[in-house]
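The structure appears right after this line, and notes come after that.
2 protein chains.
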Amino acid sequence: MSTGVPEGYDPHAFPPFAVTVDLAVFTVRDAALHVLLVERGQDPFRGRWALPGGFVLPRESADEAARRELAEETGLGPDAVGSLHLEQLRTYTDPDRDPRMRVVSVAYAALLPDLPEPRGGGDAASARWWDARATGPLAFDHDRILADARDRIGAKLEYTCLATEFCPPEFTLGELQQVYETVWGVELDRPNFRRKVLGAPGFVQPVDGPPRRTGGRGKPAALHRAGGATTLHPPLLRPQPTDTPHSRPEGRTP
Amino acid sequence: MSTGVPEGYDPHAFPPFAVTVDLAVFTVRDAALHVLLVERGQDPFRGRWALPGGFVLPRESADEAARRELAEETGLGPDAVGSLHLEQLRTYTDPDRDPRMRVVSVAYAALLPDLPEPRGGGDAASARWWDARATGPLAFDHDRILADARDRIGAKLEYTCLATEFCPPEFTLGELQQVYETVWGVELDRPNFRRKVLGAPGFVQPVDGPPRRTGGRGKPAALHRAGGATTLHPPLLRPQPTDTPHSRPEGRTP
DNA sequence: ATAATAGTGTCTCTGAGACATTATACG
DNA sequence: CGTATAATGTCTCAGAGACACTATTAT
Chain A
1 MSTGVPEGYD PHAFPPFAVT VDLAVFTVRD AALHVLLVER GQDPFRGRWA LPGGFVLPRE
61 SADEAARREL AEETGLGPDA VGSLHLEQLR TYTDPDRDPR MRVVSVAYAA LLPDLPEPRG
121 GGDAASARWW DARATGPLAF DHDRILADAR DRIGAKLEYT CLATEFCPPE FTLGELQQVY
181 ETVWGVELDR PNFRRKVLGA PGFVQPVDGP PRRTGGRGKP AALHRAGGAT TLHPPLLRPQ
241 PTDTPHSRPE GRTP
Chain B
1 MSTGVPEGYD PHAFPPFAVT VDLAVFTVRD AALHVLLVER GQDPFRGRWA LPGGFVLPRE
61 SADEAARREL AEETGLGPDA VGSLHLEQLR TYTDPDRDPR MRVVSVAYAA LLPDLPEPRG
121 GGDAASARWW DARATGPLAF DHDRILADAR DRIGAKLEYT CLATEFCPPE FTLGELQQVY
181 ETVWGVELDR PNFRRKVLGA PGFVQPVDGP PRRTGGRGKP AALHRAGGAT TLHPPLLRPQ
241 PTDTPHSRPE GRTP
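So the sequence lines, in the order shown, correspond to chains A and B.
Under the numbering used here, think of the first position of the first sequence as 1, with each following residue one higher.
Under the numbering used here, think of the first position of the second sequence as 1, with each following residue one higher.
And the structure:
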């Protein structure tokens, strides 16, 4: 804030930037991570799919712009949008990321439970869920934003209670495990998963009544709600794909 | 990118934003975390201290702007600045964060070893290191940016090899431990710290020759260099202030 | 009965924390 | 000598992984 081009802070002496938000909206559906994309109706990248987003208005913060856009794209009410998890990822500032003009974009990640009809009624006439692993090349630098968003979500599942954001208000531990397995792309041992989830204070609460719900033709599962905690102690670490699991020649030299 | 204000993308139809970078430059000096601040010479916040920073130029990315500003403020050469750790934190977009105009700021954190004369020769005539715990109220929203930067650095020490960025090219394990203790504000058990650092593959490498260095009047310590790894496996978790059933940080019972 | 999912119990190994002990410098 | 710092070793417990086993539903 001390150096730069506009010496006298003349409001018209600085280079004009546009500021947008881009949203990576995720849900878990059919045991696969899905992301909400919109089809572009005009150049550049006409016909390509892109992350939903839009301009930040003069009197709103980027967070407010993100929630506004999210409401427009998903058709959710302002109350629902206000309560769901929205997280700033990072800001993309490559001078050539938009061929028309200088645009910096603040990227956000949002997590939704699998909704009955999530496609909204805004101006995004052609919005749909895509398998997050199988999106074609997206417009602008959205491939990179999407990849960064996936990495961030996966990492945050380890040490936060974020996974419950993918679930409906009441859920089974099997559904919660499905979230982890889907985002991480691994299979987890159910008894161990149970032990860790129930052992983390404030992660989940058993629903008091004895009601249960069936997921198919097995034993009905007890229902849980999200607990009050936001961070996970101890963390739920994902299994490490790096080479040998527990024998390391590097270490003590005799 | 699909909705918003400028329907036809007229380059003059969108609200004008200025984009700046703000830098939280940290070093460890005298067993305390220090941050580089500059004194503002003009309103608003004249005479208040602020994080260094400046405008993003029309043809550079925010990362490039951050490195350019860092070189100006510290007086380091472009090669030195190009090699040190610079990390985007998040972007601050409150519409009223700058009383003059609409400015969004991309915040960065940088880590430096304790340099002989770190104060640079740019236009920041009055730049100096401050104890990061004892900065007065800063200009703009820089108190919040600084707090966020401290949190991020502390968290990243747990699962990355970032701590070596605070050290000179060759360092002792005692100096590395000092970094952790200073950033986290806790005392660590030296034998356990040693075991974990040496057990993490690629974190540090012993310097081949038998040269040693003294820190005062004790036994000289072996020198190490940063290893090739960037992430820490297993992580070096900071002791939890939340009382756990079995471990007590303040456990000196006679 | 068989399949499928939910839930419990147990064993072992790793890593963290606490702490004792030895080694090598300085005064 | 004592003191200060570096380095090694040892003990114990918590948590993770692997896996056997039981429980309850649908077909």
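Even glycine gets a Cβ: it sits at the ideal position worked out from N, Cα and C.
A/Leu-111 versus B/Asp-94 - alpha carbon distance: Within the first sequence, residue 111 of chain A is the residue found at index 111, counting from 1. Within the second sequence, residue 94 of chain B is the residue found at index 94, counting from 1. Rounded to the nearest angstrom, the two C-alpha atoms are 23 Å apart.
Can you list, in chain order, the residues of its chain whose CB lies under 7 Å from that of B/Val-56, leaving out five sequence neighbours each side? Residue numbering aside, residue 56 of chain B sits at position 56 when the second sequence is read from its first letter. Only Val-19, Thr-20, Val-21, Ala-62 and Ala-65 meet the Cβ criterion.
Check whether the segment 44-59 of chain B touches the segment 38-58 of chain A, counting contact only when three or more Cβ pairs, one atom from each stretch, lie closer than 8 Å. Cβ pair count under 8 Å is below three, so no.
Please confirm if the segment 139-157 of chain A is in contact with the segment 181-190 of chain A, defined as three or more CB-CB distances below 8 Å between the two stretches. The segment 139-157 of chain A vs the segment 181-190 of chain A: in contact.
So which of B/Asp-208, B/Gly-174, B/Gln-205 and B/Gly-202 has the shortest CA-CA distance to B/Asn-192? Locating residue 192 of chain B in the second sequence gives position 192, counting from the first residue. Taking the Cα of B/Asn-192 as reference, the smallest distance to any Cα among B/Asp-208, B/Gly-174, B/Gln-205 and B/Gly-202 is reached at B/Gly-174.
How many Å lie between A/Ser-50 and B/Ala-226 at the Cα? Here residue 50 of chain A refers to the residue found at position 50 of the first sequence. Here residue 226 of chain B refers to the residue found at position 226 of the second sequence. Here residue 50 of chain A is Ala; the residue named in the question, Ser, does not match the sequence. Approximately 41 Å between the Cα atoms of the pair.
Pick out whichever of B/Ser-105, B/Arg-68, B/Leu-223 and B/Gln-178 has its Cα sitting closest to the Cα of B/Pro-169. Walking along the second sequence from the start, residue 169 of chain B turns up at place 169. Out of B/Ser-105, B/Arg-68, B/Leu-223 and B/Gln-178, B/Leu-223 has the C-alpha closest to the C-alpha of B/Pro-169.
Rank B/Arg-29, B/Phe-17 and B/Arg-67 by C-alpha distance to the C-alpha of A/Arg-256 and give the top, closest one. In the structure displayed, chain A extends from 1 to 254; residue 256 of chain A sits before or after that span and is not available.
Going straight from the alpha carbon of A/Gly-41 to that of B/Ala-127, what length do you get? For the purposes of this step, residue 41 of chain A is taken as residue 41 along the first sequence, with counting starting at 1. For the purposes of this step, residue 127 of chain B is taken as residue 127 along the second sequence, with counting starting at 1. A/Gly-41 and B/Ala-127: Cα-Cα distance of roughly 50 Å.
Tell me which residue opens and which closes the alpha helix (DSSP H) that A/Ala-66 is part of. Within the first sequence, residue 66 of chain A is the residue found at index 66, counting from 1. 62-74 is the extent of the alpha helix (DSSP H) around A/Ala-66.
On the CB-based measure, 16 or more other CB atoms within 10 Å of its CB, does B/Leu-236 come out buried or exposed? What you label residue 236 of chain B is simply residue 236 of the second sequence in a count that begins at 1. Label assigned to B/Leu-236: buried.
Provide the residue span of the alpha helix (DSSP H) that contains B/Leu-146, from first to last. As a first step, residue 146 of chain B must be located in the second sequence, where it is residue number 146. Element bounds for B/Leu-146: 142-159.
Residues in its own chain within less than 7 Å of A/Arg-213 by CB, not counting five upstream and five downstream? What you label residue 213 of chain A is simply residue 213 of the first sequence in a count that begins at 1. Correct list, in chain order: Thr-172, Pro-220, Ala-221 and Leu-223.
Taking A/Arg-102 as the query, report the chain B residues whose CB atoms sit under 7 Å from its CB, ordered along the chain. As a working note, residue 102 of chain A is residue 102 in the first sequence. Within chain B, the residues near A/Arg-102 are Pro-58.
Going residue by residue through the segment 166-234 of chain A, where are the continuous beta strand (DSSP E) segments of at least 3 residues, counting only ones entirely within it? Whole beta strand (DSSP E) segments, 3+ residues: 204-206 and 221-226.
Cα-Cα separation, A/Glu-39 to A/Ala-134: The sequence position of residue 39 of chain A within the first sequence is 39, counting from 1. The sequence position of residue 134 of chain A within the first sequence is 134, counting from 1. Taking C-alpha positions only, A/Glu-39 is separated from A/Ala-134 by approximately 15 Å.
Flag B/Thr-135 as yes if its beta-carbon sits less than 8 Å from any beta-carbon of chain A, otherwise no. Position 135 of the second sequence, counted from the first residue, corresponds to residue 135 of chain B. Judged by the 8 Å Cβ criterion, B/Thr-135 is not in contact with chain A.
To which residues of the same chain is A/Val-103 closer than 8 Å at the C-beta, ignoring the five residues directly before and after it? Mapped onto the first sequence, residue 103 of chain A falls at position 103. Residues of the same chain with a CB within less than 8 Å of the CB of A/Val-103, apart from the 5 flanking positions on each side, are Phe-17, Ala-18, Val-19, Thr-20 and Arg-97 in chain order.
Local conformation of A/Leu-111 per DSSP, three classes: In the first sequence, residue 111 of chain A corresponds to position 111, counting from 1. Reduced to three states, the DSSP call for A/Leu-111 is strand.
In chain order, what residues of the same chain have a beta carbon less than 8 Å from the beta carbon of A/Leu-162, not counting five sequence neighbours either side? By 1-based counting over the first sequence, the position of residue 162 of chain A is 162. Correct list, in chain order: His-85, Leu-111, Ile-153 and Lys-156.
Quick one: is A/Thr-231 near chain B, going by C-beta distance under 8 Å? Here residue 231 of chain A refers to the residue found at position 231 of the first sequence. Not closer than 8 Å to any Cβ of chain B, the Cβ of A/Thr-231 fails to qualify, so no.
Taking A/Val-35 as part of the beta strand (DSSP E), name the residues at either end of that continuous run. Along the first sequence, read from residue 1 onward, the residue named residue 35 of chain A stands at position 35. Counting along the chain, A/Val-35 sits inside the beta strand (DSSP E) bounded by residues 32-39.
Residue-chain proximity (B/Asp-94, chain A), Cβ-Cβ < 8 Å: For the purposes of this step, residue 94 of chain B is taken as the residue at position 94 of the second sequence. When Cβ-Cβ separations below 8 Å define contact, B/Asp-94 makes contact with chain A.
Please tell me whether A/Ala-109 has its Cβ less than 8 Å away from any Cβ of chain B. Translated into the one-based positions of the first sequence, residue 109 of chain A becomes position 109. No, because no Cβ of chain B sits closer than 8 Å to the Cβ of A/Ala-109.
Inter-residue CB distance, B/Asp-148 and B/Leu-89 (contact presumed, cutoff 8 Å): Walking along the second sequence from the start, residue 148 of chain B turns up at place 148. Walking along the second sequence from the start, residue 89 of chain B turns up at place 89. The beta carbons of B/Asp-148 and B/Leu-89 sit about 6 Å from each other, so the pair counts as a contact at 8 Å.
Just grab the DSSP bridge partners of B/Phe-26 for me. Position 26 of the second sequence holds residue 26 of chain B. B/Phe-26 pairs with B/Val-35 and B/Leu-111.
Check whether B/Leu-146 and B/Ala-229 have beta carbons under 8 Å apart: On the second sequence, position 146 is the one that residue 146 of chain B refers to. On the second sequence, position 229 is the one that residue 229 of chain B refers to. It is not a contact, given that the beta carbons lie outside the stated cut-off.
Would you call A/Arg-150 buried or exposed, if buried means 16 or more other Cβ atoms sit within 10 Å of its Cβ? The count along the first sequence starts at 1 and reaches residue 150 of chain A at position 150. The residue is buried, with at least 16 neighbouring Cβ atoms inside 10 Å.
Which residues DSSP lists as bridging B/Ser-18, in chain order: For the purposes of this step, residue 18 of chain B is taken as residue 18 along the second sequence, with counting starting at 1. Looking at the sequence provided, one finds Ala at residue 18 of chain B rather than Ser. For B/Ala-18, which the question treats as bridged, DSSP gives the partners B/Val-103.
Please look up how many angstroms separate the CB atoms of A/Cys-167 and A/Pro-234, rounded, as I've assumed it's under 8 Å. Taking the first residue of the first sequence as 1, we reach residue 167 of chain A at position 167. Taking the first residue of the first sequence as 1, we reach residue 234 of chain A at position 234. The beta-carbon distance between A/Cys-167 and A/Pro-234, rounded to whole angstroms, is 21 Å. This is too long to meet the 8 Å contact definition.
Per DSSP, what kind of secondary structure is A/Thr-91 in: helix, strand or coil? Taking the first sequence and counting its residues from 1, one reaches residue 91 of chain A at position 91. Strand at A/Thr-91.
Shortest alpha-carbon distance to A/Asp-141 belongs to which of A/Gly-75, A/Tyr-92 and A/Thr-74? Position 141 of the first sequence, counting from 1, holds the residue named residue 141 of chain A. Residue A/Tyr-92 is the option with its Cα nearest to A/Asp-141.
Can the beta-carbon of A/Arg-100 be found less than 8 Å from the beta-carbon of A/Pro-44? The count along the first sequence starts at 1 and reaches residue 100 of chain A at position 100. The count along the first sequence starts at 1 and reaches residue 44 of chain A at position 44. It is a contact, given that the beta carbons lie within the stated cut-off.
Residues near B/Val-81 in its chain [Cβ-Cβ closer than 7 Å; skip 5 each side]: What you label residue 81 of chain B is simply residue 81 of the second sequence in a count that begins at 1. Counting only residues of its own chain and dropping the five nearest sequence neighbours on each side, B/Val-81 has a CB closer than 7 Å to the CB of Arg-67, Leu-70 and Ala-71.
So A/Ala-80 is in the alpha helix (DSSP H); what residue range does that whole segment cover? Residue mapping note: residue 80 of chain A aligns to position 80 of the first sequence, counting from 1. Residues 78-83.
Assuming A/Ala-200 and A/Asp-131 form a contact by the criterion Cβ under 8 Å, report the distance between their Cβ atoms to the nearest whole angstrom. Counting from one through the first sequence, the residue named residue 200 of chain A turns up at place 200. Counting from one through the first sequence, the residue named residue 131 of chain A turns up at place 131. Cβ atoms of A/Ala-200 and A/Asp-131 stay farther apart than 8 Å, at about 30 Å.
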